Amino acid sequence: MPPRISGVQRLNTLSLCLRPAIKPPTPAFLPITQTASLSQKEKKRLAKQDPYRWAQIQQRKNAHLERRQEIEAVREQQRGDPVRGITTPFVESFDSAGQAPLSKPAVDDDGNPIEEPHPLPTSPHILNNLLAKSEVDLAIETAYALTKPMRSEYTDANPELLEERQQDHDEKHAKAVEALRRIIHLDKGSSKDRRHANIRRCIEIFGRHETDLKLPPKPLSRGQEREERPVRGGPDTGSSEVQIAILTAKIRALANELEKGRGYKDKVGKRDLRLMVHKRQKLMAYMERKERGSARWQHMVETLGLSEATYKGQITL
Numbered sequence: 001m002p003p004r005i006s007g008v009q010r011l012n013t014l015s016l017c018l019r020p021a022i023k024p025p026t027p028a029f030l031p032i033t034q035t036a037s038l039s040q041k042e043k044k045r046l047a048k049q050d051p052y053r054w055a056q057i058q059q060r061k062n063a064h065l066e067r068r069q070e071i072e073a074v075r076e077q078q079r080g081d082p083v084r085g086i087t088t089p090f091v092e093s094f095d096s097a098g099q100a101p102l103s104k105p106a107v108d109d110d111g112n113p114i115e116e117p118h119p120l121p122t123s124p125h126i127l128n129n130l131l132a133k134s135e136v137d138l139a140i141e142t143a144y145a146l147t148k149p150m151r152s153e154y155t156d157a158n159p160e161l162l163e164e165r166q167q168d169h170d171e172k173h174a175k176a177v178e179a180l181r182r183i184i185h186l187d188k189g190s191s192k193d194r195r196h197a198n199i200r201r202c203i204e205i206f207g208r209h210e211t212d213l214k215l216p217p218k219p220l221s222r223g224q225e226r227e228e229r230p231v232r233g234g235p236d237t238g239s240s241e242v243q244i245a246i247l248t249a250k251i252r253a254l255a256n257e258l259e260k261g262r263g264y265k266d267k268v269g270k271r272d273l274r275l276m277v278h279k280r281q282k283l284m285a286y287m288e289r290k291e292r293g294s295a296r297w298q299h300m301v302e303t304l305g306l307s308e309a310t311y312k313g314q315i316t317l
């Protein structure tokens, strides 16, 4: 075997780097601040080495956390609940269909009230069985006049008999009026009767046949002219604000029922609640585009307590 002679190394074994040299980073003119949190070992060393400085750090941290909690609580309160929004006196009056003059105060575990009742807007002219107070009063006056004892030759000869008949008629009429008022009062009605009454209240308060006469019109943009619209032939029941108010009354009634007893297991009720909440969200998004900045929008939002949580973002129940 011939001897092995060492020769020149091959050129392919050489590596040549043609990349430019890495330049050092530009020095920052701002002071270097520590953004990472301290480790547990560093915290123990700092607490042992300088207890006074450690106590100051903890005090500043606790004050910062308390302030953050206060700010978050205010934001959460202003945002409201996606289902109930911000409870207003008018929304509270849905529970009694506008018949209770005062609210029901919240109570503690022992049943003692923890707050004072506040006044609520009432609608005493709305009665059960789709009746109005003016209609009932007119019917009572007509019935009294028709059943009133009449004078005759026999009663003229006996005035005491006419007075006795008149007194008996007044007593029976008073009993009949009291029985009629108990029947048509909403306190004796069902949830369906209260829902019909709340729908009538929403139409009276938010219907454009009423708000057009009380609220100023929406401001026009530059170069836009106001159109003359025909006079409405009856109550407004189809505008967005009326439908939103009716949905708010139904949502509150259903949410109150789901909070009672074993309502948390009512899957059908929860589904109906989600459908109504999302339908109200769509109507409010549409009305915000059409009535942004108008007095009609402000009146509806302030009266019903509808916050951003009820119509902005994703709503999950």
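Sequential numbering of the sequence shown, starting at 1, is according to the UniProt record's numbering.
Here a beta-carbon is modelled for each residue, glycine too, at the ideal position from N, C-alpha and C.
Treat the numbers as computed from the prediction; the structure is a model and nothing was measured.
The beta carbons of Pro121 and Gly98 sit about 7 Å from each other, so the pair counts as a contact at 8 Å. Boundaries cannot be given for Asp81, as no alpha helix (DSSP H) includes it and DSSP labels it neither H nor E. Assignment of Pro113 by DSSP, reduced to helix, strand and coil, places it in the strand class. By the C-beta density criterion, Asn129 is exposed, having fewer than 16 other C-beta atoms within 10 angstroms. Rounded to the nearest angstrom, the Cβ distance from Leu215 to Ala295 is 4 Å, consistent with a contact under 8 Å. Only residues of its own chain outside the window of five on either side were considered, and among them Ile114 have a CB closer than 6 Å to the CB of Asp108, listed in chain order.
Between Val83 and Val277, the C-beta gap is smaller than 7 Å, which places the two residues in contact. Rounded to the nearest whole angstrom, the C-alpha separation of Arg208 and Pro230 is 13 Å.
Ile244: member of the alpha helix (DSSP H) spanning 240-258, first to last residue.
For the set Thr310, Gly313, Val301, Ile315, the Cα lying nearest the Cα of Thr88 is the one of Val301. The continuous alpha helix (DSSP H) containing Arg280 extends over residues 267-290.
Remark: three or more beta-carbon pairs, one from each stretch, lie closer than 8 Å, so the region 90-97 and the region 250-265 are flagged as touching. Contact check between the region 306-316 and the region 265-281: three or more CB pairs, one atom from each, fall below 8 Å, which counts as touching. Annotated three-state conformation of Gly207 is coil, per DSSP. Less than 7 Å separates the beta-carbon of Gly80 from that of Ala309.
In the structure shown, the three-state DSSP call for Leu161 is helix. DSSP places Ile126 within a strand segment (E or B) once states are collapsed to three. For Val91, the uninterrupted alpha helix (DSSP H) segment begins and ends at 89-92.
Bounds of the alpha helix (DSSP H) holding Lys43 are 40-49. The C-alpha of His125 lies about 20 Å from the C-alpha of Ala143. Counting the other Cβ atoms within 10 Å of the Cβ of Ala157 gives fewer than 16, which makes it exposed.
For Ser239, the number of other beta carbons within 10 angstroms of its own is at least 16, and it is reported as buried. With a threshold of 16 other beta carbon atoms within 10 Å, Gly233 falls short and is exposed. The region 164-174 makes no contact with the region 196-206; the number of CB pairs closer than 8 Å stays below 3. The residue from Glu141, Glu178, Ala179, Arg292 with its alpha-carbon nearest to that of Lys218 is Arg292.
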